[in-house]
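Working notes for the structure below.
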Amino acid sequence: MLSVVEILVFVALLGLTVYGFSRPLVMRYRLVRLGRNENRFDSRWRRIVDPVTSFFFLRCSVKKERIATGLIHFFILYGSLTFDMVSITHILEGFKANFIPFGHGLTGHIWSLWVDIFAVMVLLAVLYFVIRRYIFRPDSYTYTTLDSAYIYLFLTTVTATFLLYEGGLIALHPGHARWSFAGTAVADWTRVILTTTPAMELNVRIHWWLHIVNVFLFVAYVPHSKYIHMITGPINIAFRNRNPVNSVKPLDIESEEAEVFGVEKLTDFTWKDLLDGFACMDCGRCQDYCPAYRTEKALSPKNIIIHMRETLLAQGQEHFLKPDNGFKPLMAGTYSGSEIWSCTTCGACVQVCPVKNEQFPKIVQLRQSQVLMEGTFPTELKRVFKGLETNANPWGVGAATRMDWARDLDIPRFADHPDVEYLLFLGCAASFDDRAQRVSRALIRFLKSAGVSFGILGEKESCCGETARRLGEEAVGQTLIQTNIELFNELGVKKILTACPHGYNTFKNEYPKFGARYEVLHHSQLIQSLFQQHRIRVDAGASMRVAVHDSCYLGRANNLYEPPRDALRGVPGIRLVEPAETREHSFCCGGGGGMFWLEEEGRRINAERWKQLVDLKPDAVATACPFCLRMLEDASKDAGQDGIAVRDIVEFLVSVPAPAGTAD
1 MLSVVEILVF VALLGLTVYG FSRPLVMRYR LVRLGRNENR FDSRWRRIVD PVTSFFFLRC
61 SVKKERIATG LIHFFILYGS LTFDMVSITH ILEGFKANFI PFGHGLTGHI WSLWVDIFAV
121 MVLLAVLYFV IRRYIFRPDS YTYTTLDSAY IYLFLTTVTA TFLLYEGGLI ALHPGHARWS
181 FAGTAVADWT RVILTTTPAM ELNVRIHWWL HIVNVFLFVA YVPHSKYIHM ITGPINIAFR
241 NRNPVNSVKP LDIESEEAEV FGVEKLTDFT WKDLLDGFAC MDCGRCQDYC PAYRTEKALS
301 PKNIIIHMRE TLLAQGQEHF LKPDNGFKPL MAGTYSGSEI WSCTTCGACV QVCPVKNEQF
361 PKIVQLRQSQ VLMEGTFPTE LKRVFKGLET NANPWGVGAA TRMDWARDLD IPRFADHPDV
421 EYLLFLGCAA SFDDRAQRVS RALIRFLKSA GVSFGILGEK ESCCGETARR LGEEAVGQTL
481 IQTNIELFNE LGVKKILTAC PHGYNTFKNE YPKFGARYEV LHHSQLIQSL FQQHRIRVDA
541 GASMRVAVHD SCYLGRANNL YEPPRDALRG VPGIRLVEPA ETREHSFCCG GGGGMFWLEE
601 EGRRINAERW KQLVDLKPDA VATACPFCLR MLEDASKDAG QDGIAVRDIV EFLVSVPAPA
661 GTAD
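Per my numbering, residue 1 is the first one in the sequence shown, and the count goes up by one each step.
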């Protein structure tokens, strides 16, 4: 079909396309390699399986956050894969006259039908996204509008020129139709306009070239666009963080070679952190579920990634041209203090990201450099840091008064009873917050009545280190951790029971990184287990409609959704109701990430969550976290709705549990 001149032009265009496609990819690879080394090569089998299944089954996009959009992406993906094959056969058709992909048999007929179906679906998908982005304009879609326009245009022109070529070819050679319904319709239209064979042959040649040129332009544009996630997304999923969502990586505080602690400039991030920028789909799911963004704060987890990418492209390419030019501090223009000190570390952004980007860990690393290197942080934290350093608690209350609230209780001390099964780690909230103290009293009464073997540390208990580490004060956090580990080892602690999800997450997922492993139970797990073993029973109480609030550090961080619910289901008369945002999509209470200690900008997160809960018209709200309890109770008072009780799950066990062996 092609003349010698056309073949030469084709080869030249192909070479330019390969160059245009590969050059920006190589540049982005070099930029990613500027990051620090990090080992992401464990669990190799999972790192192969996850990206393959995510890519081909669209586990990354077909999620319940956006079901319709995810399904539409199915047509875009398989339309793209189909047209990749079409482009290959299209080229062969140009070099070999009367070439018919897959022949005239059943395979060829199915192929022609498949191609036309996805050609139509791609055009419909583009129409859907154009209407959604440019007419409905959801907030999460307003960033890359021009880039999206180019992509939609290319998808349309590549598909349209193929259909025009296919229709022209069928008009010229009817035997090429097979089961091609769209091509046949275009052929009928073509025969009306073009009535001579030479005209039809010229039409086929023109549209062959138009399709090739559009395909090559699209291919060359992909690495410059957000569509690059088709390549980098699966790679990013392969190297995803396989640790629990809300764990913080330790810094080597003792290192004499370290020039910076935390992240000050781009090259302080790891290569995987930088890869996140090029894997980002700009879909805005993280922003949609971010409690800080949704309550009018400066933080957008999407912009944490996008602004990192933009800065990397600008400063990185300048660095390659002028190696003496160093990278600028990120807090000097890329990010603001209002952004990084608005994060509750709830993990919702990481949970919903289709390509498994890690937004909030980057914020924690930025906090670390601000606190440890610059001494820059909100003034409210001065008292918190001082309290942690001098009294081992963020309240700053004297450590000797830690157990004043429980002087009338006969609580066994672990040091005096080393044979007890559990160390009950009460935590700072339970020791210094009057509302959490009431929960602790209820829990202790419950444990005693249920015959659970436990002991406490008493005045020797120190903060678990969670608050300090998420606020960036890694040095104090690690000191607290080491202090606890030494004490636990001295006492021979094997099992830890706690009513605080933050402590639970820290002991279970972060202490092992410091060489200490324990069997850790949240009190909801213990209560669930006691009910399942029929070791306790609770007398029937009044019928009650109870709204369930999931703690971020119990749910998203550790996938513990059923234990609190099972504990409540064990109480006769309770009927559970769920807010729209529940379980893995539970809306944060606003107290995590140290935000419990900071003044909020914009609307209050706890007030937003309280609205969701009271919309269910509950008699009470149940939670399993002392910080959630305080935040929601404060929200109820601010809203003048404190008639709706906010309780920890153990407080719903209104009757004293029967001793072991007396259950029905």
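Backbone N, C-alpha and C fix where the C-beta goes; we use that ideal spot for every residue, glycine too. Bear in mind that the values here come from a model prediction, so they are computed numbers and not experimental data.
Cβ pair residue i, residue j closer than 8 angstroms
i: tyrosine 553; j: cysteine 463; result: no
i: valine 245; j: alanine 557; result: yes
i: isoleucine 574; j: valine 546; result: yes
i: phenylalanine 582; j: valine 548; result: For clarity, residue 582 is threonine in the given sequence; the question names phenylalanine instead. Going by C-beta atoms, threonine 582 is nearer than 8 angstroms to valine 548.
i: leucine 321; j: leucine 266; result: no
i: leucine 471; j: leucine 381; result: yes
i: aspartate 282; j: isoleucine 306; result: yes
i: valine 126; j: threonine 156; result: yes
i: phenylalanine 216; j: leucine 13; result: yes
i: threonine 344; j: glycine 593; result: yes
i: cysteine 286; j: valine 352; result: yes
i: serine 453; j: tyrosine 422; result: yes
Member of the options whose CA lies at the smallest distance from the CA of residue i
i: glutamine 365; options: Arg294, Ser247, Tyr422; result: Ser247
i: proline 418; options: Leu491, Gly472, Ala436, Ser431; result: Leu491
i: lysine 513; options: Gln287, Lys249, Asp638; result: Lys249
i: valine 520; options: Thr53, Thr82, His224, Leu560; result: Leu560
i: leucine 313; options: Ile605, His224, Ser636; result: His224
i: arginine 44; options: Asn241, Phe74, Phe129; result: Asn241
i: tryptophan 208; options: Cys346, Tyr134, Phe10; result: Phe10
i: serine 342; options: Cys588, Phe652, Glu38; result: Cys588
i: phenylalanine 239; options: Ser54, Thr401, Ala199; result: Ser54
i: glutamate 608; options: Gly326, Val571, Cys290; result: Cys290
i: glutamate 254; options: His211, Asp634, Glu584, Glu474; result: Glu474
i: methionine 308; options: Arg294, Thr295, Ala292, Ala332; result: Ala332
i: valine 263; options: Asp288, Gly465, Arg133, Phe327; result: Phe327
i: glycine 465; options: Gly458, Ala450, Gly503; result: Gly503
i: glutamate 6; options: Ile212, Trp405, His176, Pro579; result: Ile212
i: threonine 190; options: Tyr165, His176, Gly175, Leu210; result: Tyr165
i: histidine 523; options: Lys297, Thr89, Gln533, Asp648; result: Asp648
i: asparagine 393; options: Lys460, Ile363, Val350; result: Lys460
Residue i - containing beta strand (DSSP E), residue span
i: aspartate 648; result: 645-648
i: lysine 672; result: Because the chain spans 1 through 664 in this model, residue 672 falls outside it and cannot be assessed.
i: alanine 187; result: Element bounds for alanine 187: not the beta strand (DSSP E) but the alpha helix (DSSP H), 181-193.
i: glutamate 310; result: No beta strand (DSSP E) holds glutamate 310; the alpha helix (DSSP H) holding it covers 301-321.
i: isoleucine 228; result: Element bounds for isoleucine 228: n/a, residue is neither H nor E.
i: glutamate 296; result: Counting along the chain, glutamate 296 falls outside any beta strand (DSSP E), and DSSP gives it neither H nor E.
i: phenylalanine 425; result: 422-425
i: arginine 575; result: 574-577
i: glutamate 374; result: Counting along the chain, glutamate 374 falls outside any beta strand (DSSP E), and DSSP gives it neither H nor E.
i: glutamate 519; result: 519-522
i: arginine 545; result: 544-548
i: threonine 623; result: 620-623
N-terminal and C-terminal residue of the alpha helix (DSSP H) that residue i is part of
i: alanine 567; result: 562-569
i: methionine 121; result: 106-131
i: methionine 200; result: 197-221
i: arginine 28; result: 4-32
i: threonine 156; result: 145-172
i: leucine 632; result: 626-638
i: methionine 85; result: 67-95
i: threonine 53; result: 44-56
i: threonine 379; result: Here threonine 379 belongs to no alpha helix (DSSP H), and DSSP marks it neither H nor E.
Cβ distance (whole Å) where residue i is taken to contact residue j below 8 angstroms
i: valine 420; j: alanine 430; result: At roughly 18 angstroms, the Cβ-Cβ gap does not stay under 8 angstroms, so valine 420 and alanine 430 are not in contact.
i: glycine 35; j: phenylalanine 269; result: 5 angstroms
i: leucine 251; j: glutamine 368; result: 7 angstroms
i: leucine 487; j: valine 650; result: Rounded, the Cβ-Cβ distance is 26 angstroms, inconsistent with contact.
i: asparagine 391; j: valine 397; result: 6 angstroms
i: phenylalanine 531; j: tyrosine 518; result: Actually they are not in contact, since the Cβ atoms of phenylalanine 531 and tyrosine 518 sit about 24 angstroms apart, beyond 8 angstroms.
i: asparagine 214; j: leucine 275; result: Not confirmed; about 30 angstroms, so no contact.
i: lysine 302; j: glycine 277; result: About 11 angstroms separates the two Cβ atoms, so there is no contact after all.
i: valine 646; j: leucine 632; result: 5 angstroms
i: tryptophan 610; j: alanine 635; result: 4 angstroms
i: threonine 623; j: serine 551; result: 6 angstroms
Near the ligand FAD: residue i beta-carbon under 7 angstroms from a heavy atom
i: valine 350; result: In the structure shown, the ligand FAD is absent, as is every other ligand, since no ligand is present at all.
Next on the checklist: For the pair the region 469-484 and the region 405-422, tell me if three or more CB-CB distances fall below 8 angstroms.
Outcome noted: no
Next on the checklist: Three or more C-beta pairs under 8 angstroms: does that hold for the region 99-115 against the region 138-149?
Outcome noted: no
Next on the checklist: Whether or not the region 133-142 and the region 173-180 are in contact is what I'm after, with contact meaning three or more pairs of Cβ atoms, one per stretch, closer than 8 angstroms; do they touch?
Outcome noted: No, the region 173-180 does not touch the region 133-142.
Next on the checklist: Is it the case that the region 611-619 contacts the region 369-377, given that we only count it when at least three CB pairs across the two stretches are under 8 angstroms?
Outcome noted: no
Item to check | Any 3 or more C-beta pairs closer than 8 angstroms across the region 603-611 and the region 564-571 | outcome: Counting Cβ pairs under 8 angstroms, fewer than three are found: no touch.
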